[in-house]
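Okay, structure first, notes after.
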Amino acid sequence: MNATVTPEAESAIIDIAQRHGLSRDAVLAMLLAVNNGGGTMAQFSIPELGGSGQWMRGGMTMVGNMFDNALKARVDSLCAELSQLLATTTIFPPAETGYRSGFTSNNWWPGDLGVPSSSGGQNDARYAVFPGTRRLAIQVNGVTRVFDTGEHNIGGVQQQQGGAYGSVNFTSQFGTFDVSSLQELGTQQVAETPVAAPAPQETYEQPAPPPAYQEQAPQYAPSTPGPTDDSAGIIAAIESLAGLHQRGILSDEEFSAKKAELLGRL
1 MNATVTPEAE SAIIDIAQRH GLSRDAVLAM LLAVNNGGGT MAQFSIPELG GSGQWMRGGM
61 TMVGNMFDNA LKARVDSLCA ELSQLLATTT IFPPAETGYR SGFTSNNWWP GDLGVPSSSG
121 GQNDARYAVF PGTRRLAIQV NGVTRVFDTG EHNIGGVQQQ QGGAYGSVNF TSQFGTFDVS
181 SLQELGTQQV AETPVAAPAP QETYEQPAPP PAYQEQAPQY APSTPGPTDD SAGIIAAIES
241 LAGLHQRGIL SDEEFSAKKA ELLGRL
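Here the sequence shown stands for residues 1 to 266, numbered as in the UniProt record's numbering.
This is the structure we're talking about:
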């Protein structure tokens with residue numbers, strides 16, 4: 001893991017790793033996944049935690065072995081603690097800024113948007129997601145547009161060549177959408193493309209981000225799945241499962257079993 005964190009965050013990561021019996025890199029990887037999910041969800045691929053999986057605050061946890069309830073409870077406990085850490089601790093050091101027409105010296109997005117939870121690009125199109133300020137920046141052919149993401153917890157990005165905004169689609173708890181459904185806040189033209197675009201995301205889709213969860217410490221469901229009155233959260237979880245099923249990540253049997261389990265809580 002090459003992510004740079006503050007000394008306070010590093011100390012917390014080491015402490016959490018020791019208490020959960022995990023390596024420091026495994027905890028950091030999960031911390032980044034939870035951060036990309038706006039503190040409320042995570043998609044991850046961590047060998048120490050059974051490989052690929054998904055966590056959503058409110059009781060939905062998926063791991064490689066869907067019948068390993070002990071591992072589900074372990075992942076839920078870890079993610080809940082990391083979500084709390086994100087809400088109470090400065091994790092990433094502030095970026096050094098050197099303004100040029102409102103842009104940082106090494107980045108193409110406006111400096112007042114903060115640090116993105118995820119960013120990437122293909123050819124002449126780039127994107128960056130800023131959960132802390134509820135903003136999404138898109139740059140096509142040197143023109144950067146900024147959008148208000150509202151209540152979307154952006155968790156995945158799909159990008160194809162050509163088309164408006166580089167044919168970038170996003171997924172959140174509300175499903176798949178593009179920027180045409182968002183409110184545009186501004187347009188800025190840069191004289192030249194700054195050096196080195198941010199590296200693309202990892203190969204798996206990351207639930208990346210979100211409303212500003214820093215304002216209030218989130219409430220967590222018990223580690224052991226149980227009844228819940230949060231019907232909206234359960235419906236959102238089922239929609240997320242349906243998306244995974246459509247993309248072939250879940251088999252028919254896995255999707256049906258988990259859907260039935262969630263419906264049983266309504």
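Glycine is no exception: its CB is placed at the ideal position from the N, C-alpha and C atoms.
Straight through space, the alpha carbons of residue 147 and residue 185 are spaced by roughly 5 Å. For residue 255, the secondary structure class from DSSP, reduced to helix, strand or coil, is helix.
C-alpha of residue 17 to C-alpha of residue 156: approximately 27 Å in a straight line. A distance below 9 Å separates the beta carbons of residue 239 and residue 175. Looking only at 242, 249, 247, the smallest Cα-Cα distance to residue 260 is reached by 242.
The three-state secondary structure of residue 239, taken from DSSP, is helix.
By the CB criterion at 9 Å, residue 61 and residue 70 fall outside the cutoff. From the listed residues 110, 38, 137, 86, the smallest Cα separation to residue 180 is found for 137. Excluding its 5 nearest sequence neighbours in each direction, residue 78 has C-beta neighbours in its own chain below 7 Å: 20, 30, listed in chain order. Between residue 11 and residue 39, the C-beta gap is not smaller than 9 Å, which leaves the two residues out of contact. Every beta strand (DSSP E) stretch that sits fully inside the region 36-97 and reaches 3 residues is listed by chain position as 41-46, 51-56, 60-62. The Cβ-Cβ distance between residue 145 and residue 113 does not fall below 9 Å. Secondary structure of residue 156 (DSSP, three-state): strand.
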